[in-house]
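S.K.:
Written out as structure tokens, the structure reads:
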């Protein structure tokens, strides 16, 4: 069994995102299979999303590509569930990417399509579909726009755990075959299904050639970078948790102070009322009965 594992997002970016013809061909095949449309030309872009103002989250995408028609696609490999809501996170990516288009001097009808496509290794949607596409909809599941082609913001979720790994190879479609390869590529020719795919499927042959270029030394470096990144992500998550806890504590303290202020204001009102009653000659006993407070409580309020 070899070291390389395509579920590692660093390896994923290397296989599909390196600046060479083989990687670009593999990327076009991947997009053709999972977007279900022919992809003839694609360019890998800078995956750093620049913050437009200080309160935006810093985000680095796994693999950002652009078609010749300016369609933008963000490819993400998401291995694990996180404490952050994943669908909210990727919706944020989609909105950020779509809004980053250069529209100065142009009409909004010239906005290009933006797609965030995520390979999940966790279950997200409660149905049997391996691929689910989310679009802008209004209540009643009616489209926001009249024509499908005008709906240019899409979030495509690909849930790899939904693939039946025991299904006979001849019964698998192209998406299932590629996901099977993703999940088991580290076995290489030791896996009977992968062996048959490598021998007979041009797309899998292309992916295999890319994976085979990952030497043990290169893989060690990928793992080191991967571990550093995820250690940093864990630190960020812990920091976010701490900040959220502190925010909640501040909210609780504010509510406490607000309640204490209300009690203090109420006591002040009662104190003023007692003083008026005393001025009008009412006895302490009568005031006690009127306010349903003991004489000791009344004397305490007057201090």
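Residue numbers (our numbering): 978 to 1280.
Cβ atoms here follow ideal geometry from the backbone N, Cα and C, with glycine treated the same way.
So what's residue 1273 in DSSP terms, helix, strand or just coil?
M.R.: Looking at residue 1273 - three-state DSSP - the assignment turns out to be helix.
S.K.: Inspect the beta-carbon positions of residue 1159 and residue 1134 and report whether they are closer than 8 Å.
M.R.: Against a cut-off of 8 Å, the Cβ pair of residue 1134 and residue 1159 comes out as no contact.
S.K.: Quick one: grab the DSSP three-state call for residue 1108.
M.R.: Correct three-state label for residue 1108: strand.
S.K.: Contact defined as beta carbons within less than 8 Å: I believe residue 1187 pairs with residue 992. What is the distance between those atoms, to the nearest angstrom?
M.R.: Between residue 992 and residue 1187 the Cβ distance is about 4 Å, and since that is below 8 Å, they are a contact.
S.K.: Classify residue 1306 as helix, strand or coil using the three-state DSSP reduction.
M.R.: Examination of residue 1306 is not possible in this model, given that the chain is present from 978 through 1280 alone.
S.K.: How many angstroms separate the CA atom of residue 989 from the CA atom of residue 1141?
M.R.: Distance between the alpha carbons of residue 989 and residue 1141 is about 22 Å.
S.K.: Could you tell me which residues DSSP puts in a beta bridge with residue 1041?
M.R.: The partner list for residue 1041 (beta bridge, DSSP) reads 1022 and 1051.
S.K.: In whole angstroms, what separates the C-alpha of residue 983 from that of residue 1235?
M.R.: Taking the straight line from one Cα to the other gives about 54 Å.
S.K.: How big is the Cα-Cα spacing for residue 1079 and residue 987?
M.R.: Using only the alpha carbons, I get a separation of about 29 Å.
S.K.: Is DSSP giving residue 1132 helix, strand or coil here?
M.R.: Three-state result, residue 1132: strand.
S.K.: Which stretch, first to last residue, makes up the beta strand (DSSP E) that contains residue 1190?
M.R.: Careful: residue 1190 lies outside any beta strand (DSSP E) and carries neither H nor E.
S.K.: Could you say which of 1267, 1179, 1273 and 1157 lies nearest to residue 1002 if we only look at CA atoms?
M.R.: Checked all of 1267, 1179, 1273 and 1157; the closest Cα to residue 1002 is 1179.
S.K.: Can you grab the Cα-Cα spacing for the pair residue 1265 / residue 1271, in whole Å?
M.R.: Whole-angstrom Cα-Cα distance: 6 Å.
S.K.: According to DSSP, is residue 1243 part of a helix, a strand, or is it coil?
M.R.: In this structure, residue 1243 counts as helix in the three-state DSSP scheme.
S.K.: Report back the beta-carbon spacing between residue 1268 and residue 1248 to the nearest angstrom; my notes put them in contact at under 8 Å.
M.R.: Not quite, the Cβ-Cβ distance comes to about 11 Å (not below 8 Å), so this is no contact.
S.K.: Identify the continuous alpha helix (DSSP H) that holds residue 1171 and give its terminal residues.
M.R.: Unbroken alpha helix (DSSP H) run through residue 1171: 1169-1177.
S.K.: Are the CB atoms of residue 1040 and residue 1056 nearer to each other than 8 Å?
M.R.: No, Cβ-Cβ distance for residue 1040 and residue 1056 is not below 8 Å.
S.K.: Report the partner residues of residue 1097 according to the DSSP bridge assignment.
M.R.: Note: residue 1097 sits in a beta bridge opposite 1055 and 1136.
S.K.: Just list the residues that DSSP pairs residue 1091 with in beta bridges.
M.R.: BP columns for residue 1091 point to 1049 and 1130.
S.K.: Taking the C-alpha atoms as reference points, what is the distance between residue 1263 and residue 1226?
M.R.: Spanning the two alpha carbons is a distance of roughly 44 Å.
S.K.: From residue 1031 to residue 1190, what does the alpha carbon distance come to, in whole angstroms?
M.R.: Model confidence at residue 1031 stands at a pLDDT of 48, short of 50, so the residue's coordinates are unreliable; what they give is reported in the following sentence. Each residue's alpha carbon lies about 41 Å from the other.
S.K.: With DSSP run on the structure shown, which of helix, strand or coil describes residue 1267?
M.R.: DSSP places residue 1267 in helix when its eight states are reduced to three.
S.K.: With a CB to CB cut of under 8 Å and the five nearest residues on each side skipped, what residues in its chain are close to residue 996?
M.R.: Counting only Cβ-Cβ distances below 8 Å, and skipping sequence neighbours, we find 1021.
S.K.: Sorted by chain position, which residues of the same chain lie with C-beta nearer than 7 Å to residue 1068's C-beta, five sequence neighbours on each side aside?
M.R.: So the list reads 1132, once near-sequence residues are dropped.
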